[in-house]
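Enquirer: Just so you know, the sequence shown maps onto residues -20 to -1, 1 to 181 in mature numbering (1 follows the signal peptide of the UniProt record, and there is no 0).
Just so you know, even glycine gets a beta-carbon here, dropped at the ideal spot from N, CA and C.
Treat the numbers as computed from the prediction; the structure is a model and nothing was measured.
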Amino acid sequence: MSWFAILLALAALGGSPSAAARKQCAKAAVSTHQKQQCKTAGKKKKTPVAKVKPRSGTQPQTPGAQRDPSAPTSPGSSGDPSPTPTPTPKPGATPTPTPVPTATPDPVKYPARTGVDLSEWTVRPTYRTLATGRVTFNAANLGEDDHNLSVRSGATEYGKVDLAPGDTDSLVLQLPPGTYTLYCSLQGHEEQGMRADIIVR
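1. Using a Cβ-Cβ cutoff of less than 6 Å, which residues in the same chain neighbour residue 144 once the five nearest sequence positions on both sides are dropped?
2. Can you give me the C-alpha to C-alpha distance between residue 95 and residue 136, rounded to a whole angstrom?
3. Does DSSP put residue 88 in a helix, in a strand, or in coil?
4. Consult DSSP for residue 150 and reduce its assignment to one of helix, strand or coil.
5. Please report how far the alpha carbon of residue 114 lies from the alpha carbon of residue 93, in whole angstroms.
6. Can you say whether residue 180 is buried or exposed, counting buried as having 16 or more other CB atoms within 10 angstroms of its CB?
7. Which first and last residues belong to the beta strand (DSSP E) in which residue 158 is found?
8. Pick helix, strand or coil for residue 169, following the three-state DSSP scheme.
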């Protein structure tokens, strides 16, 4: 193998031949072109390196490098989101309260009828408050003597029904609002306790 071929092989491999080797190559070269190659074979070609211009305001991208929290971030970079401003109410604007509907209580419904038990010596109505208007008294004589059911208010008598022992009967009256007395009108029976007051409303 000639010196010229050796020199070219070293140049391809990136080696730098010595000055003696370059002289031997020049002696062995026949043509002027080969001699020129011997001179330039040992010289390394410089590869141009592109200069990277750092971007302003950005952090170094070296892996593992610590980020400086005080350094400014570039526009569009993901940083802390800016807080959303809270809307302030206009001065003088007063919110109108919404009225809450109030539940209207249902009127109390009183019964229009009642049972009345008569015995020695009591009058016991089932209900003591009744509805005004048409009122029905279902009377029952549970005693051993004759009795009656009489109804009055003050000095006004509204009606009565007579009952033998064990009998039942009804007394229907039209009563306005007020206080009424249920009693037995037979002689001496009311005085012995056969009376009770009721209210009609």
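Expert: With the structure as the only source:
1. One-based indexing of the sequence shown puts residue 144 at position 164. Closer than 6 Å at Cβ, skipping near neighbours: 126.
2. By 1-based counting over the sequence shown, the position of residue 95 is 115. By 1-based counting over the sequence shown, the position of residue 136 is 156. Cα to Cα, residue 95 sits roughly 22 Å from residue 136.
3. Here residue 88 is taken as the residue at index 108 of the sequence shown, counted from 1. Coil.
4. Within the sequence shown, numbered from 1, the residue matching residue 150 stands at position 170. It is a strand residue.
5. The residue you call residue 114 lines up with position 134 of the sequence shown. The residue you call residue 93 lines up with position 113 of the sequence shown. So the two alpha carbons sit approximately 9 Å from each other.
6. Position 200 of the sequence shown holds residue 180. It counts as buried.
7. Numbered from its first residue, the sequence shown carries residue 158 at position 178. Residues 158 to 163.
8. Here residue 169 refers to the residue found at position 189 of the sequence shown. Coil at residue 169, not helix or strand.
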